[in-house]
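When you read off a place in the sequence shown, starting at 1, and then add 469, the result is the number in the working numbering. All C-beta atoms in this analysis are idealised placements derived from N, C-alpha and C, irrespective of residue type, glycine included. Here the structure is a predicted model, which is why all the values come from computation and not from measurement. Single-structure report; data block below.
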Amino acid sequence: MEVKNIAIFGRRNSGKSSLMNLLCGQQISIVAPVAGTTTDPVRKRVELEGVGPCNFIDTAGFDDEGELGAMRVSKSQKIASEIDMAILLFTGNLFGDYEKRLMELFKRYSLPVLLIHNQEDIISLGNELKSAIKAEYGIEAIPFSCSIIDADLLQSRVDALLGLISNKLQDCIKEENNHRDGILASLIKENERVLFVCPIDSEAPAGRLILPQVMGLRDALDNFGIATVAQPSQLPSIFPKAAEMQPATVSLTSIIATERLNPLGFNLVITDSQAFGEVAEYMPANLPLGSFSILLARQKGAFSDYMEGVKEIDNLKDGDKVLILESCSHKPTCEDIGRVKIPKMLSAYTKKRLEFVFISGLDEIPKSNYALAIQCGGCVATHKQLINRLTGLIERGLSVTNYGIAIAYIKGLFKNRNFQLFLEKLPPVKK
Ligand SMILES: Nc1nc2c(ncn2[C@@H]2O[C@H](COP(=O)(O)OP(=O)(O)OP(=O)(O)O)[C@@H](O)[C@H]2O)c(=O)[nH]1
Ligand SMILES: [Mg+2]
Numbered sequence: 470m471e472v473k474n475i476a477i478f479g480r481r482n483s484g485k486s487s488l489m490n491l492l493c494g495q496q497i498s499i500v501a502p503v504a505g506t507t508t509d510p511v512r513k514r515v516e517l518e519g520v521g522p523c524n525f526i527d528t529a530g531f532d533d534e535g536e537l538g539a540m541r542v543s544k545s546q547k548i549a550s551e552i553d554m555a556i557l558l559f560t561g562n563l564f565g566d567y568e569k570r571l572m573e574l575f576k577r578y579s580l581p582v583l584l585i586h587n588q589e590d591i592i593s594l595g596n597e598l599k600s601a602i603k604a605e606y607g608i609e610a611i612p613f614s615c616s617i618i619d620a621d622l623l624q625s626r627v628d629a630l631l632g633l634i635s636n637k638l639q640d641c642i643k644e645e646n647n648h649r650d651g652i653l654a655s656l657i658k659e660n661e662r663v664l665f666v667c668p669i670d671s672e673a674p675a676g677r678l679i680l681p682q683v684m685g686l687r688d689a690l691d692n693f694g695i696a697t698v699a700q701p702s703q704l705p706s707i708f709p710k711a712a713e714m715q716p717a718t719v720s721l722t723s724i725i726a727t728e729r730l731n732p733l734g735f736n737l738v739i740t741d742s743q744a745f746g747e748v749a750e751y752m753p754a755n756l757p758l759g760s761f762s763i764l765l766a767r768q769k770g771a772f773s774d775y776m777e778g779v780k781e782i783d784n785l786k787d788g789d790k791v792l793i794l795e796s797c798s799h800k801p802t803c804e805d806i807g808r809v810k811i812p813k814m815l816s817a818y819t820k821k822r823l824e825f826v827f828i829s830g831l832d833e834i835p836k837s838n839y840a841l842a843i844q845c846g847g848c849v850a851t852h853k854q855l856i857n858r859l860t861g862l863i864e865r866g867l868s869v870t871n872y873g874i875a876i877a878y879i880k881g882l883f884k885n886r887n888f889q890l891f892l893e894k895l896p897p898v899k900k
């Protein structure tokens with residue numbers, strides 16, 4: 470389940486940190502009457518009823534000044550590209566340029582927004598401004614005060630805010646689910662059969678299946694499909710040669726005799742890219758053979774762009790810069806694939822001298838002339854974070870693809886007929 474991120478924005482001293490602490494039920498962020506108290510974003514993980522794990526993020530004031538202030542503002546701006554929902558605090562009946570610029574930013578990232586007029590105990594929100602905001606943005610600003618003395622009353626107001634946040638996020642989750650297929654991409658219908666070929670070798674974790682395999686089994690069950698799991702070494706008996714099936718008395722041409730049959734009636738076979746070559750040898754004609762990497766790539770990120778961008782591998786030239794985008798900062802497994810495996814495979818496949826630039830986490834991407842960007846699967850990033858990050862690159866005209874698709878391409882999957890059948894059957898990703 471994706472962790473949802475909710476950030477609080479507004480001018481300095483509007484009460485962002487006070488609200489952060491109330492929403493988290495703990496003194497997480499420093500509160501002081503000095504403008505500019507919060508500098509770097511402050512994060513706290515909480516469990517939000519009806520949603521699950523969420524990060525609340527407190528940001529520096531959007532009206533911060535000076536050289537350092539400008540750096541803080543740009544950091545707050547970047548936060549907007551990484552979140553699922555924004556809370557905008559304003560006070561003193563003032564909804565000016567700063568607030569309007571923030572609203573523009575939220576619109577750019579299609580963020581749901583909660584508008585809160587704080588410090589109501591000092592100045593209350595006038596009906597005129599309230600109506601003007603409603604007319605302009607279609608949002609009802611909520612009057613609030615972090616300084617209510619009656620603890621029970623304050624808690625009930627905070628609970629009401631948490632309820633509103635939860636409702637908005639639940640709407641987003643519903644929307645996302647409507648737009649996303651299960652991992653099998655509706656390729657398996659009721660009573661259809663899928664075979665997962667999962668090598669249990671030294672790279673397989675002990676005692677369990679890996680996430681895409683579990684997701685595949687679950688999705689097959691959800692669709693009332695019939696799932697079978699086997700190892701590559703069992704394929705000769707699962708897909709026997711025609712000659713082995715027929716009594717010797719039946720005369721067969723040599724072509725038919727060596728053709729693999731599908732007596733168990735599988736509709737689809739899925740394996741991982743590493744085992745693909747071995748599995749492909751045993752495939753009957755006309756049986757779609759897909760890879761977990763492609764199915765996973767459809768779940769998160771810019772799939773259509775990835776599939777287009779991967780072809781750019783064949784156009785790489787000596788001296789080209791390839792951008793490797795990792796979502797997690799320190800995971801050794803990701804480092805292994807992104808930092809070692811892919812550069813090696815790509816250099817060997819293209820036979821070109823390539824330069825690799827590695828960017829971790831959601832760090833800023835330095836401007837340069839890249840020939841191709843390869844994004845990791847993004848297990849620790851949200852779909853929105855990946856899309857927002859990649860959209861900027863795609864708009865600059867850069868081709869992007871992802872780890873799994875690049876490996877599948879290099880391994881020659883795209884030239885395999887069974888794999889092409891699988892791609893032809895894949896429905897387009899819903900936007
Ligand atoms: N009267 C009143 N004071 C408030 C309210 N909310 C916050 N304050 C006070 O306003 C001051 C600033 O609050 P913070 O929560 O630190 O404000 P901030 O937006 O995080 O400020 P920066 O970190 O400087 O950007 C503190 O003295 C708070 O106690 C409120 O609703 N009413
Ligand atoms: Mg603060």
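**Asked** Any idea what DSSP makes of G759, helix, strand or coil?
**Response** strand
**Asked** Do L764 and I843 have their CB atoms nearer than 8 Å?
**Response** no
**Prompt:** For N692, is the classification buried or exposed, using 16 other Cβ atoms within 10 angstroms of its Cβ as the cut-off for buried?
**Reply:** buried
**Request:** Please state whether DSSP places N647 in a helix, a strand or coil.
**Result:** helix
**Prompt:** Mind pulling the alpha helix (DSSP H) runs of 4 or more residues that sit fully within the region 616-660?
**Reply:** 620-647
**Message:** Given the structure, does G484 come close to ligand 1, in the sense that its CB is under 7 Å from one of the ligand's heavy atoms?
**Reply:** yes
**Request:** For K880, count neighbouring C-beta atoms within 10 Å of its own C-beta (all shown protein chains included) and say buried if the count is 16 or more, exposed if not.
**Result:** That one is buried.
**Request:** May I have the straight-line CA-CA distance separating F665 from N784, to the nearest angstrom?
**Result:** Pairing F665 with N784, the inter-Cα distance amounts to about 33 Å.
**Request:** Please name the residue, chosen from T851, L862, I856 and T819, that lies closest to S837 on a Cα-to-Cα basis.
**Result:** L862
**Prompt:** Looking at the unbroken beta strand (DSSP E) that takes in K821, where does it start and where does it end?
**Reply:** Segment: none, K821 is in no beta strand (DSSP E) and carries neither H nor E.
**Request:** Go through its chain and collect everything with a Cβ distance to Q700's Cβ below 8 Å, but skip five positions before and after it.
**Result:** V666, C667, P668 and I669
**Request:** Would you give the residue range spanned by the alpha helix (DSSP H) that V472 belongs to?
**Result:** Where V472 is concerned, there is no enclosing alpha helix (DSSP H), given that its DSSP letter is neither H nor E.
**Request:** Verify whether the separation of the beta carbon atoms of I552 and L580 is less than 8 Å.
**Result:** yes
**Request:** Can you grab the Cα-Cα spacing for the pair V500 / S486, in whole Å?
**Result:** 6 Å
**Message:** Just to confirm before moving on: does the CB-CB distance between F761 and V898 stay below 8 Å?
**Reply:** no
**Asked** Can you find a heavy atom of ligand 2 that lies under 7 Å from the Cβ of D741?
**Response** no
**Run of the beta strand (DSSP E) containing I526, from where it starts to where it stops** = G521 to D527
**Request:** Reducing DSSP to helix, strand and coil, say where E893 ends up.
**Result:** helix
**Request:** Use the C-beta contact count for C615: other C-beta atoms within 10 angstroms, 16 or more gives buried, fewer gives exposed.
**Result:** buried
**Request:** Measuring alpha carbon to alpha carbon, tell me which of S868, D805, P709 and I634 ends up nearest G734.
**Result:** P709
**Request:** Check the DSSP bridge columns for V698 and list the partner residues they point to.
**Result:** F665
**Item:** Close beta carbons around K894, own chain, < 7 Å, minus the five adjacent residues each side
**Value:** L656 and P757
**Request:** Might you give, ordered along the chain, the residues of its own chain that have their beta carbon closer than 6 Å to the beta carbon of E536, omitting 5 neighbours on each side?
**Result:** Within the same chain, E536 has no close Cβ partners at all.
**Message:** Given this structure, state the Cα-to-Cα distance separating A749 from A555, to the nearest angstrom.
**Reply:** 48 Å
**Boundaries of the alpha helix (DSSP H) in which N490 is found, first to last residue** = K485 to C493 is the span of the alpha helix (DSSP H), which, as asked, contains N490.
**Request:** Would you mind giving the Cβ-Cβ distance between I739 and L792, rounded to the nearest angstrom? I have them listed as a contact below 8 Å.
**Result:** At roughly 29 Å, the Cβ-Cβ gap does not stay under 8 Å, so I739 and L792 are not in contact.
**Asked** Cβ of P612 within 7 Å of any heavy atom in ligand 1?
**Response** no
**Message:** Report the start-end ranges of each beta strand (DSSP E) in the region 534-564 that is 3 residues or longer and not cut off at the edges.
**Reply:** Correct list: 554-560.
**Prompt:** Who are the near neighbours of M714 in its chain, counting only those whose CB is closer than 8 Å to its CB and skipping five residues on each side?
**Reply:** By the criterion of a C-beta distance shorter than 8 Å, M714 is surrounded in its chain by L730 and P732, once the five residues flanking it on both sides are discounted.
**Asked** Should Q495 be labelled buried (16 or more other beta-carbon atoms within 10 Å of its own) or exposed?
**Response** exposed
**Prompt:** Roughly how many angstroms separate the alpha carbons of F478 and L737, rounded to a whole number?
**Reply:** 49 Å
**Paired residues, beta bridge with Q844 - DSSP** = L794 and N871
**Request:** Have a look at T508, R512 and S498 and flag the residue whose alpha-carbon is nearest the alpha-carbon of I475.
**Result:** Of the candidates T508, R512 and S498, the one whose C-alpha sits nearest the C-alpha of I475 is R512.
**Message:** Between which two residues does the alpha helix (DSSP H) holding R858 run?
**Reply:** H852 to E864
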